[in-house]
Amino acid sequence: MQTTTGAQRNPGIDLLRGLSIILVVIHHLALRIPLRIPLMHTGLSAVFPAMLLKALNWDGGKGVKIFFVVSGFLITDHTLRRWGSLGGINAIAFSMRRACRILPCLLVLLGILAALNLAGAPDFLFHHDSQTLPGAIFAALFMHLNLYEARTNYLPPNWDVLWSLSVEELFYAAFPILCLLGGRVPKLPGLVFALLALSSPFAEWQIRNASDIWQDEAYGPGISAIAMGVCAALLAHRITPSLFAKLTPWLGWAGSLGVGLYLIDGHVVWLTLGYATPLFFTTSCAALLLAFYNGWGKATGSQLLAWPRQWGRLSYEIYLSHMFVVMPMVHLFRASGENWTLGWVWFIPTLGLSFCLGTLVDRFLSRPADRWLLEKSGLRRPQPSGRIAEI
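Converting from the sequence shown to the working numbering requires adding 930 to each position, the first position being numbered 1.
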């Protein structure tokens, strides 16, 4: 869940992330309304097919999987452009840049959550005896909040969204180590990431009997998705321009069809491919990223798609803050008498206010803190040349 800053942007990748975070917000609102598929009980059921409404309700997890693939792609792309090769990475500079980008919002969020928990705010209290405030904070800071939830049950909603950061942070810790090993054995990182990317069916099979929480939040499927993004970026830097140009339209259409099919009716894909389904999805995401990276889909830069692209630019900030909008909206909906005919209307202010809150977080916290920390650490430099801005 990273955002990019600077003038050089890729509208296709922003659009893909924008779609993903919108799906996450819709899912988190629908999940807390006491009906299995809330949108199908609203007036939208007379206009849109049930398959689409069902997908809008339950595609949040798939949106997070897209974020993982994009994250691996962008991290690897910028590493190659900044240091020339994976083996040339400056591990300290890489880790400091990640800390400057991730920690300000995370630390402020944890401070707010802790204060509200201590104040007794209902939506922020722990409801399981094995959960403690110090334990949750420690888990969020040290890459195992997903494991903490699997052991103790779900945390309150504003805490729960942090599970995906545990997966990403594990990748951030391991990535520079593997890159440095590549300085000694050049082909090692690519081989390791290829094996991790292809391990998705095994990772899913391994957790088939695990708790619902661990099936949603386990490290294996998430790391496999990130590794697929890494492999796509490595391929983008190695394939010849002429061949890349010929393949781009095929990659774009194949990726779009694969991603679209799984988002709209993942059940059919699962019935056909079984445990290979997540690999099909991450491969489709990687194909779409490669196409966007090479300029496919110029229409994604149109004004019509400007708002969802902006969601992609603010994906990290919106992801961390949107539950502060979702939960009040759930309470207001219930207090209003739960008018299901117009139930879909509640999704509109939820999306709008989540976007506004994410914009405020970006403008007054995330961007200024990132810039200040980079300047103080001596890491701030002019943007490197390329097609995608720094993340």
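Here a beta-carbon is modelled for each residue, glycine too, at the ideal position from N, C-alpha and C.
Close Cβ partners of residue i (< 7 Å) along its chain, the five nearest in sequence each way excluded
i       : result
Ala980  : Met970
Ala1080 : Ser1141, Ile1143, Trp1144 and Glu1147
Val1255 : Thr1280, Leu1283, Ser1284 and Leu1287
Pro941  : Thr1230, Gly1231 and Arg1239
Leu1295 : Pro1034, Cys1035 and Val1038
Val1000 : Ile943, Leu946, Arg947, Gly1159 and Leu1219
Leu1043 : Phe1054, Asn1088 and Trp1089
Given residue i as reference, the closest of the options once Cα atoms are compared
i       : options                               : result
Ser1025 : Thr1009, Leu1039, Leu1040 and Gly1182 : Thr1009
Gly1204 : Leu961, Trp1183 and Pro1131           : Pro1131
Arg947  : Ile956, Leu1309 and Arg1243           : Arg1243
Ile952  : Pro1298, Phe1254 and Gln1240          : Gln1240
Leu1193 : Ala1206, Ala1175 and Cys1215          : Cys1215
Trp1276 : Gln938, Asp944, Val955 and Asn940     : Val955
Leu1121 : Trp1089, Val1160 and Asn1088          : Val1160
Glu1099 : Leu1111, Asn1076 and Asp1292          : Asn1076
Leu949  : Phe1174, Gly1113 and Gly990           : Gly990
Trp1237 : Tyr1149, Thr1212 and Thr1289          : Thr1289
Leu1108 : Phe1222, Phe1068, Pro1171 and Ala1157 : Ala1157
Pro1034 : Glu1305, Val1291 and Ser1307          : Val1291
Val977  : Thr1271, Arg1297 and Arg1301          : Thr1271
Asp1195 : Gln938, Ser975 and Leu983             : Leu983
Ala1045 : Ile1067, Arg1028 and His1058          : Ile1067
Ala1051 : Pro1087, Pro1064, Asn1020 and Ala1070 : Pro1087
Tyr1246 : Leu974, Ile1032 and Asp1090           : Ile1032
Phe1105 : Asp1090, Leu1095, Phe1123 and Lys1117 : Phe1123
Glu1221 : Trp1200, Pro1171 and Phe1210          : It should be noted that the sequence gives Ala, not Glu, for residue 1221. Comparing Cα positions, the closest option is Pro1171.
Ser1251 : Pro1064, Ala1021, His1074 and Trp1089 : Trp1089
Arg1011 : Ala1049, Pro1119 and Ala1163          : Ala1163
Ser1307 : Leu1071, Arg1027 and His1197          : Arg1027
Ala1021 : Leu974, Ala1070 and Gly1113           : Gly1113
Leu1126 : Ala1070, Thr1213, Leu1043 and Tyr1078 : Thr1213
Leu1040 : Trp1200, Thr972 and Ala1070           : Ala1070
Trp1200 : Trp1135, Gln1233, His1167 and Leu1165 : Trp1135
Pairwise C-alpha distance: residue j and residue i
i       : j       : result
Asn913  : Phe1056 : As displayed, the chain neither begins before 931 nor continues past 1321, which places residue 913 out of reach and without an answer.
Pro1183 : Ala1265 : First, the amino acid is wrong: residue 1183 is Trp here, not Pro. Straight-line Cα distance between these residues: approximately 45 Å.
Ala1155 : Ser1015 : 22 Å
Gly1018 : Leu1128 : 26 Å
His957  : Val1115 : 43 Å
Thr935  : Leu945  : Reliability of the predicted coordinates at Thr935 is poor, the pLDDT of 38 falling under 50, and no value is obtained from them.
Arg1317 : Leu1235 : Confidence at Arg1317 is low in this model, with a pLDDT of 42, below 50, so the placement of that residue should be treated as unreliable; the coordinate-derived value is given next. Arg1317 and Leu1235: Cα-Cα distance of roughly 19 Å.
Gly1273 : Met1253 : 19 Å
Asn987  : Met1257 : 16 Å
Leu1219 : Phe1003 : 8 Å
Pro1179 : Leu1085 : 44 Å
Leu1092 : Gly993  : 15 Å
Pro1064 : Met1073 : 14 Å
Phe1322 : Ala985  : Past the edges of the chain, shown from 931 to 1321, lies residue 1322, and the structure says nothing about it.
Tyr1223 : Leu1173 : 14 Å
Pro1208 : Arg1301 : 37 Å
Ile1137 : Leu974  : 36 Å
Leu1110 : Gly1190 : 37 Å
Asn1139 : Lys1228 : 44 Å
Tyr1102 : Phe1210 : 24 Å
Ala1206 : Leu1187 : 17 Å
Pro1298 : Phe1054 : 28 Å
Glu1305 : Glu1268 : 50 Å
Ser1094 : Thr1062 : 20 Å
Contacting residues, own chain, Cβ-Cβ under 6 Å from residue i (five flanking each side not counted)
i       : result
Ser1060 : Thr1082
Gly1152 : Phe998 and Val1097
Ala1217 : Leu1181, Ala1184 and Gly1185
Ala1133 : Gly1150, Pro1151 and Ser1154
Met931  : The predicted position of Met931 is uncertain, since its pLDDT is 46 and thus under 50; no value can be drawn from it.
Leu1303 : Cys1030
Ser1315 : Model confidence at Ser1315 stands at a pLDDT of 42, short of 50, so the residue's coordinates are unreliable; what they give is reported in the following sentence. The answer is none, since no qualifying residue turns up.
Leu1118 : Leu1111 and Gly1112
Unbroken alpha helix (DSSP H) run spanning residue i, endpoints
i       : result
Lys1117 : Taken as a continuous stretch (DSSP letters only), Lys1117 belongs to no alpha helix (DSSP H), as it is neither H nor E.
Ile1153 : Tyr1149 to Arg1168
Ala1080 : Leu1075 to Thr1082
Met1322 : The question about residue 1322 has no answer here: the residues shown for the chain are numbered 931 through 1321.
Phe1263 : Met1253 to Ala1265
Lys1228 : Careful: Lys1228 lies outside any alpha helix (DSSP H) and carries neither H nor E.
Gly1204 : Unbroken run through Gly1204: none, as it is neither H nor E.
Thr1280 : Phe1277 to Val1291
Val977  : That residue, Val977, is in no alpha helix (DSSP H); it is neither H nor E in DSSP.
Gly1379 : Because the chain in this structure spans residues 931 to 1321, residue 1379 falls outside the shown range and cannot be described.
Arg1031 : Ala1021 to Leu1048
Trp1270 : Where Trp1270 is concerned, there is no enclosing alpha helix (DSSP H), given that its DSSP letter is neither H nor E.
Cβ shell of residue i (< 8 Å), same chain only, five flanking positions each side left out
i       : result
Val1260 : Leu959, Arg962 and Ile963
Ala1023 : Leu1309
Ile1169 : Leu1177
Met1226 : For clarity, residue 1226 is Trp in the given sequence; the question names Met instead. Cβ within range, chain order: Gly942, Thr1178, Pro1179, Leu1181 and Gly1182.
His1167 : Asp1007 and Leu1010
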